[in-house]
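Asker: When we follow my numbering, the leftmost residue of the sequence shown carries the number -9, and every step to the right adds one. Sharing a structure with you now.
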Amino acid sequence: MNKFEAMKAEKDGLDVWPDLLRHAAEDTPIEEIGEDELNRMKWYGVFHRPQRPGTFMLRLRLTGGALTSLQMREIAAIARELGHGTVDITTRQNIQMRDLRLSQIPGVLERLSNVGVHSLQTGMDNIRNFIGCPLAGIDGMELFDSTPLLNAIAEAHQMAGKAMSNLPRKLNVSVAGCRDDCGHAQTQDIGFVPATTDLDGRRVAGFNVLVGGALGGTSPRLATALDVFLKPEEVVPFFLALVGVYRDNGPRDIRTKARLKWLIAEWGEERLRAAVEARMEAPLRRAGIDERLQIAGDHLGIHPQRQVGMNYVGLHIPVGRVTSDELDELARLAEQYGAGELRLTIDQNVVVPHVPDSALSALLAEPLLAKLRPNPPAVWRSLVACTGNDYCHFSLIDTKTHAFNLATDLERKGIQVPRGTRIHVSGCVHACGKHHVGDIGLQGANIRLGERVEEAADVWVGGKLGEHARLATKVLTNVHVEDLPVLVEALVRQRFQQTVPLSVMQLLEHTNTLEAVE
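Shown next as C-alpha cells:
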C-alpha cells in the first residue's frame, strides 16, 4: 500500500475539517502539521505551497466556469485584502487564489459560501471542477443547453459525500451539449459529447461517452469511445455507476498508474462498459451519431447569441492571470452591459454574455478592454500556461512569464501566427498546460550552464484534437528560455512553409545538446 492509500485508509479526507479549523484557530506552525494532514486539507481545496512556506492556495469549484458579478467581486475583495491581489484562471474553467494564511482560510471559505462559491473536493483523489461549454444556453448552434445537466451532476457528486471521496486518483469530467467540443472531451477521464440516435422512430438528442483521457505523467492518453449513447436523463445514473466501478476496481498500488486510463489498459473499453451496465442493472445503448462539428475555438471577440439582439463578448486574459482591480471591473461590466453573469473558458479567458446590440459600442470603449482585448493577435488567442514555479513546487520554470514574453516578442515582430494555432506551456510532466495537445507545446526543464542551473523547455509539436486527434511529438529538449521566442518563430515559419533562417536552425541544433539537470 502506497503512502497515499495508507493516509486515506487511516482517515477520509473529508474528515479533516475539524483539524483544519483547529490548526487555523491555533495558527499552528506549518512544520508542526503532519504531511498527511496537509494533504487531507486538499479535500477542501486548501493547498500548502512549499516554495512559499506558510502560504496556501485555495482552489475554488465553479461548475462550468459560471459565476455572477457578486461572486466575482467577493473573490476580488479576498484576493486584494488577504492575498497578493491576483488570481489565476485555470484550464478547468476555475479560479485559484494565492498567498492565503491557514488562519484566514475558515473566514475566506465562509465569505465565499455566503455568495454561493465553494472549494470542496477540488484536490487529491476527487472529481475536479466539472467542465462545460461557456456558451451553454446562448450558442445558436448547440444541440441543447447542458447547463441543467452539468449542475445535476455536480449536485449528485456533492450529495454522494464519502462515497466519492476516496478514488484511486483524480477524475476530470466534461459535459457539453454544443457542437464545438468546448470541454475538450478527449483530454478528460470522462467526456460526454453531443450525439443523436433513432429511438422508437424519432431522432433523440443525447450524449456519447469518451473515457480514459489524461495528459499528465509519462504516458499521456487521449480518451477513447466507450460505445455508449445516453439520453440526458440517463447521464447522472451512468456517471455515478462509472465512478463507482472506477472507485472499486481502479488500480491503487502504484500511484503513477492509478488513473482511469490504467484500468482501461487492463480491462479494455468493452469490459468497462459491461461493468457499468451491470452496476446500473440496465442495458446500455450503443453509441449514436457524433454531432461534434469542430473543436472549440477561443471564444474571444463579439458574437451574436441565439437570443435576438443579444451578444456575448469574449475577453482575453493574458496567460490567465488577472488582478483584483480587473476582476472588479469585469463584475461592473457584466452588470452595466450584460446580466451580471460571467463565464470562464478552458483557455483561461472570460466571456461576458447577454450584451444588447445597443450597448456594444460603449462596452468596447471601456478602458479595461485595451488590456483584456476581445480581438488580440492570433499568437495570444490560444496561448495557455499553467501556474508556474512561482506558486507550484512541481513546475521547473516560470511558465506565465515566459509565455507572456514569448507572445509579446512575436506580436512585436509582427509574426503572423495562423488563427487557431495553439501554444501550450506546462511547467512539468503533470501537463497542466496541456502541452501534449498544442500545435506547439513547451514542457519545463532545467539545464546546467557552467555552474548555473537555468530554466529551459522541451519542445513538442503537432498535437491535435478532433476527428484525427494525436498527441504532440517531442522534437527538441533543453531549449534555454531565452531562445524560445526565436525557436517558436522558426517553428511557426516551418510549420506553415515559410522561410526558416539558417541561423535559427543552427540555434536549434545547439540547444538540443545542452546537458539536462539530473
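A virtual CB, placed ideally from N, CA and C, is assigned to each residue, including glycine.
Assuming contact is defined by CB atoms lying nearer than 8 Å, are V482 and K454 in contact in what I supplied?
Answerer: If you number the sequence shown from 1, residue 482 lands on position 492. If you number the sequence shown from 1, residue 454 lands on position 464. Their beta carbons are not under 8 Å apart, which means V482 does not touch K454 by this criterion.
Asker: Evaluate G3 with the Cβ neighbour count: other Cβ atoms within 10 Å of its Cβ, from every protein chain shown; 16 or more gives buried, anything less gives exposed.
Answerer: In the sequence shown, residue 3 corresponds to position 13, counting from 1. G3 comes out buried.
Asker: Which of the three DSSP states, helix, strand or coil, is assigned to E132?
Answerer: Residue numbering aside, residue 132 sits at position 142 when the sequence shown is read from its first letter. Three-state DSSP puts E132 in coil, outside helix and strand.
Asker: State the DSSP-derived secondary structure class of M114, mapped to helix, strand or coil.
Answerer: The count along the sequence shown starts at 1 and reaches residue 114 at position 124. Three-state DSSP puts M114 in coil, outside helix and strand.
Asker: Can you find the residues in the same chain that come closer than 7 Å, C-beta to C-beta, to L353, ignoring five residues on each side of it along the sequence?
Answerer: The residue labelled residue 353 in the question sits at position 363 within the sequence shown. Correct list, in chain order: V303, L323, Y327, V345.
Asker: Would you say A447 and L432 are within 8 Å of each other, going by their C-beta atoms?
Answerer: The residue you call residue 447 lines up with position 457 of the sequence shown. The residue you call residue 432 lines up with position 442 of the sequence shown. The Cβ atoms of A447 and L432 sit closer than 8 Å to each other.
Asker: List in chain order: all unbroken alpha helix (DSSP H) runs of 4+ residues lying wholly within the stretch 257 to 343.
Answerer: Counting only runs of 4 or more, we get 259 to 270, 314 to 327.
Asker: So, helix, strand or coil for L139, using DSSP?
Answerer: Position 149 of the sequence shown holds residue 139. It is helical.
Asker: Nearest by alpha-carbon distance to G75: which of G24, V342, E64, L232 is it?
Answerer: Residue mapping note: residue 75 aligns to position 85 of the sequence shown, counting from 1. Answer by Cα proximity: E64.
Asker: By the three-class DSSP mapping on this structure, what secondary structure does H383 have?
Answerer: The residue given as residue 383 occupies position 393 in the sequence shown. Coil at H383, not helix or strand.
Asker: Can you grab the Cα-Cα spacing for the pair A153 / V478, in whole Å?
Answerer: Within the sequence shown, numbered from 1, the residue matching residue 153 stands at position 163. Within the sequence shown, numbered from 1, the residue matching residue 478 stands at position 488. Using only the alpha carbons, I get a separation of about 47 Å.
Asker: Within a Cβ cutoff of 8 Å, which residues of the same chain sit near D171, ignoring the five residues on either side of it in sequence?
Answerer: If you number the sequence shown from 1, residue 171 lands on position 181. Cβ neighbours of D171 beyond the five flanking positions: V183, R282, Q284, I285, A286, L455, G456.
Asker: Which of the three DSSP states is assigned to F120 in this structure?
Answerer: Residue 120 sits at position 130 when you count from the first residue of the sequence shown. F120 falls in the coil class under three-state DSSP.
Asker: Under 8 Å: do the stretch 130 to 146 and the stretch 73 to 87 share three or more Cβ pairs, one atom per stretch?
Answerer: no
Asker: According to DSSP, is L457 helix, strand or coil?
Answerer: As a position in the sequence shown, residue 457 is number 467, starting the count at 1. Note that residue 457 corresponds to Glu in the displayed sequence, not to Leu. DSSP places E457 in coil when its eight states are reduced to three.
Asker: Which one of R49, S93, L125 has the shortest CA to CA distance from Q297?
Answerer: Mapped onto the sequence shown, residue 297 falls at position 307. With distances taken between Cα atoms, Q297 lies closest to L125.
Asker: Under a Cβ-count criterion, where at least 16 other Cβ atoms within 10 Å of its own Cβ denotes burial, should M62 be classed as buried or exposed?
Answerer: Locating residue 62 in the sequence shown gives position 72, counting from the first residue. By the 10 Å Cβ count, M62 comes out buried.
Asker: What three-state label does DSSP hand T48 in the structure shown?
Answerer: As a first step, residue 48 is located in the sequence shown; it is residue number 58 there, counting from the start. The question names Thr, but residue 48 is Leu in the sequence shown. Collapsing the DSSP output to three states places L48 in a strand.
Asker: Does the beta-carbon of K1 have 16 or more other beta-carbons within 10 angstroms, so that it is buried, or is it exposed?
Answerer: As a position in the sequence shown, residue 1 is number 11, starting the count at 1. The residue is exposed, with fewer than 16 neighbouring Cβ atoms inside 10 Å.
Asker: Inspect the beta-carbon positions of F46 and I95 and report whether they are closer than 8 Å.
Answerer: Taking the first residue of the sequence shown as 1, we reach residue 46 at position 56. Taking the first residue of the sequence shown as 1, we reach residue 95 at position 105. Contact: yes.
Asker: Output yes or no for whether 8 Å exceeds the beta carbon distance between N156 and L52.
Answerer: Mapped onto the sequence shown, residue 156 falls at position 166. Mapped onto the sequence shown, residue 52 falls at position 62. No.
Asker: Could you give the distance in angstroms between the alpha-carbon of K403 and the alpha-carbon of V476?
Answerer: Numbered from 1 along the sequence shown, position 413 holds the residue referred to as residue 403. Numbered from 1 along the sequence shown, position 486 holds the residue referred to as residue 476. Cα-Cα distance, rounded: 11 Å.
Asker: Could you give the DSSP three-state label for S155: helix, strand or coil?
Answerer: Residue mapping note: residue 155 aligns to position 165 of the sequence shown, counting from 1. Note: S155 maps to coil in three-state DSSP.
Asker: DSSP state of R543, grouped into three classes?
Answerer: Any answer about residue 543 is impossible in this case: the structure gives the chain only from -9 up to 508.
Asker: Does the contact criterion of 3 or more C-beta pairs under 8 Å hold for the stretch 89 to 106 versus the stretch 11 to 26?
Answerer: yes
Asker: Quick check on the DSSP output: the beta strand (DSSP E) that includes K464 runs from which residue to which?
Answerer: To locate residue 464, count along the sequence shown from 1; it is residue 474. Where K464 is concerned, the enclosing beta strand (DSSP E) stretches over 463 to 470.
Asker: Measuring only the C-alpha atoms, how far is F37 from A393?
Answerer: Here residue 37 refers to the residue found at position 47 of the sequence shown. Here residue 393 refers to the residue found at position 403 of the sequence shown. Answer to the nearest angstrom: the Cα atoms are 24 Å apart.
Asker: Among V471, H458, I430, which residue has its Cα nearest to the Cα of V465?
Answerer: Here residue 465 is taken as the residue at index 475 of the sequence shown, counted from 1. Of V471, H458, I430, the residue nearest in Cα terms is I430.
Asker: For E64, report the span of its alpha helix (DSSP H) as first-last.
Answerer: To locate residue 64, count along the sequence shown from 1; it is residue 74. From DSSP, the alpha helix (DSSP H) with E64 extends over 59 to 71.
Asker: Let me confirm a value: E508 is counted as buried when at least 16 other C-beta atoms fall within 10 Å, else exposed. Which label applies?
Answerer: Counted from its first residue, the sequence shown places residue 508 at position 518. Summary for E508: the model assigns pLDDT 34, below 50, so the residue's position carries little reliability; its value from the coordinates is reported in the next sentence. Exposed is the call here.
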